[in-house]
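Student: Here the protein sequences come in this chain order: A and B. Heads up, the first sequence is in the working numbering, so the first residue is 8 and it goes up one at a time. Heads up, the second sequence is in the working numbering, so the first residue is 8 and it goes up one at a time. Just so it is clear, CB atoms sit at the ideal spot from N, CA and C, and this is done for glycine as well. Dropping the structure in here first, questions after.
2 protein chains.
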Amino acid sequence: MSHRAATKVFQGIEEEIATGQLKDGEKLDEASLAERFQVSRTPVREALLQLVGSGLATQIPKRGCFVKAPSFRDMIEMFEVMSELEGLCARLAARRISSQQIDRLKRTNQGCETAIASGDSDLYYDFNVDFHECIYEACGNSFLAQETRQLRRRLQSFRRLQLRVRGRMPQSLEEHHAIIEAIEAGDADTADEVSRQHVMIQGERFNDLLSHIDQMR
Amino acid sequence: MSHRAATKVFQGIEEEIATGQLKDGEKLDEASLAERFQVSRTPVREALLQLVGSGLATQIPKRGCFVKAPSFRDMIEMFEVMSELEGLCARLAARRISSQQIDRLKRTNQGCETAIASGDSDLYYDFNVDFHECIYEACGNSFLAQETRQLRRRLQSFRRLQLRVRGRMPQSLEEHHAIIEAIEAGDADTADEVSRQHVMIQGERFNDLLSHIDQMR
DNA sequence: GTTCAAATTATCGTATACAAAAATAAGATG
DNA sequence: CATCTTATTTTTGTATACGATAATTTGAAC
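This is the structure:
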């Protein structure tokens, strides 16, 4: 983690958008942000540029920056793409994974199991990230891996809530097993299909998700 | 197009990376870039941040920015993802396209035909972009559309060369017809498959492409 | 001659200053 | 009283200045 002022501002604003403190359409005033984060306008501007780059804000020339919090529709759209990317990762991993990578994948998923056993959803969350990271690395396409990681990160704060939904963790784990099985068997089609579902089931549970978001707003 | 100094620097560097003037690993020195583009370091730094954001440069803290020109492997990876996204666009478009959008798609492709008839590859290129833009808009997922557009833009300078490869334009047009047919018939699977091929055939012709790139370097 | 340490230099990251453009307010005219 | 014009103010975009940290060079000791 960087100690740069710019990254702190970026992550700070990102967090506030995710939690709903900063609402959609709200103006991101450079001066007041600089005041709030106790830095000058320079790092604030850098942070805003990065926000625009990652799609969390829009910039109108000579008018300023505005929060672009993802709408319900936006999130459905992102999940639709996410499931496709995740599916592609699994498909490619089924063809390209090494035996060491399979071992690591299994070990990571055992971490998920122990996390569930201890009822620690934060721990499960971390192992779950690792699990998918294993697949990204095994897909043999670092560009795809990076894109998928990025999108996952963008849906991250919402997914974290998602995993806490009752009964989701064991189900998620079952899906993991199916994914591992398909990848190990080199069954690309099944790996793709199951991974797609794994993401989309979360997408279909949007009502649960929305209630959480509404609470935050 | 913006008149900002920062965007001019960004596009300038982007172009120089695409053409190979700026080689992989080369240092992007803020001072000399500012000198070269006749601006101060501030807009140069903004441009570098955007370059890093779009993956064309890497930044090592307190060490500076370095060109990250896509390698042969990188481009294969990007094509692999591109074909998937393009396929998904077509798949969704087959389910969601409106009759007006179909008409526009056909008209645009007629533009492609006349461009070929007149042997104008630049004109064909523009109509080809429009053709795919029609599909992006018809897919009903603006996030997916944006991501696909972005990746297409990144492969753009290479694709432009690609289309000039002998015999590629008529073949590309044939594929367009197949795509239109599948989308109009609402045949999502075929639309997906054909679109995937449409991109991948270009990817498979990498030897032709590479010779062009080598000439530039 | 080699190696390690201190001083120097260069460059990055941030702060501040300034200029240009747009939004807002004020005033004049009908 | 409404509206258009003009002045003020705010804010963006760029330039410059400064401090901190890493790279480089110089010099001394072995």
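Can you list, in chain order, the stretches of the alpha helix (DSSP H) that have 4 or more residues and sit fully within the stretch 94 to 150 of chain B?
Tutor: Listed in chain order, they are 106 to 124, 128 to 145.
Student: In whole angstroms, what is the alpha-carbon distance linking residue 131 (chain A) and residue 114 (chain A)?
Tutor: Those two C-alpha atoms are separated by around 13 Å.
Student: Give me, in chain order, the residues of the same chain whose beta-carbon lies closer than 6 Å to that of residue 94 (chain B); leave out the 5 immediate sequence neighbours on both sides.
Tutor: Here the set comprises 199, 202, 203.
Student: Identify every run of the alpha helix (DSSP H) within the stretch 26 to 60 of chain B, keeping only runs that are complete inside it and at least 4 residues long; order them along the chain.
Tutor: Listed in chain order, the complete alpha helix (DSSP H) runs (minimum 4 residues) inside the stretch 26 to 60 of chain B are 37 to 44, 48 to 60.
Student: Classify residue 77 (chain A) as buried or exposed, calling it buried when 16 or more other Cβ atoms lie within 10 Å of its own Cβ.
Tutor: Buried is the call here.
Student: How close, in whole Å, do the beta carbons of residue 2 (chain B) and residue 35 (chain B) come, if the pair is a contact with beta carbons under 8 Å?
Tutor: The question about residue 2 (chain B) has no answer, for chain B in this structure spans 8 to 224.
Student: Name, in chain order, the residues that DSSP records as bridge partners for residue 66 (chain B).
Tutor: Paired residue(s): B:72.
Student: Indicate whether residue 73 (chain A) and residue 19 (chain A) have their beta-carbon atoms separated by less than 8 Å.
Tutor: Contact: no.
Student: Of the residues that make up the stretch 85 to 117 of chain B, which ones have a beta carbon closer than 7 Å to any beta carbon in chain A?
Tutor: Cβ contacts with chain A: 85, 87, 88, 91, 95.
Student: Just the C-alpha distance for residue 205 (chain A) and residue 9 (chain B), rounded to the nearest angstrom, thanks.
Tutor: Cα to Cα, residue 205 (chain A) sits roughly 42 Å from residue 9 (chain B).
Student: Can a CB atom of chain B be found closer than 8 Å to the CB of residue 73 (chain A)?
Tutor: No, its Cβ sits nowhere closer than 8 Å to a Cβ of chain B.
Student: If we cut at 8 Å on Cβ distances, does residue 259 (chain B) have a partner in chain A?
Tutor: One cannot answer for residue 259 (chain B) here, as it falls past the ends of chain B, which runs 8 to 224.
Student: Would you kindly report the start and end of the unbroken alpha helix (DSSP H) that includes residue 179 (chain A)?
Tutor: From DSSP, the alpha helix (DSSP H) with residue 179 (chain A) extends over 175 to 191.
Student: Is residue 53 (chain B) close to chain A? Criterion is C-beta to C-beta, closer than 8 Å.
Tutor: Cβ-Cβ to chain A under 8 Å: yes for residue 53 (chain B).
Student: Are the beta-carbon atoms of residue 142 (chain B) and residue 177 (chain B) separated by less than 8 Å?
Tutor: In this structure, residue 177 (chain B) does not lie closer than 8 Å to residue 142 (chain B) by Cβ.
Student: With DSSP as the reference, label residue 11 (chain A) as helix, strand or coil.
Tutor: Coil, per DSSP.
Student: Among B:153, B:16, B:125, which has the Cα closest to the Cα of residue 47 (chain B)?
Tutor: Nearest option by C-alpha distance: B:16.
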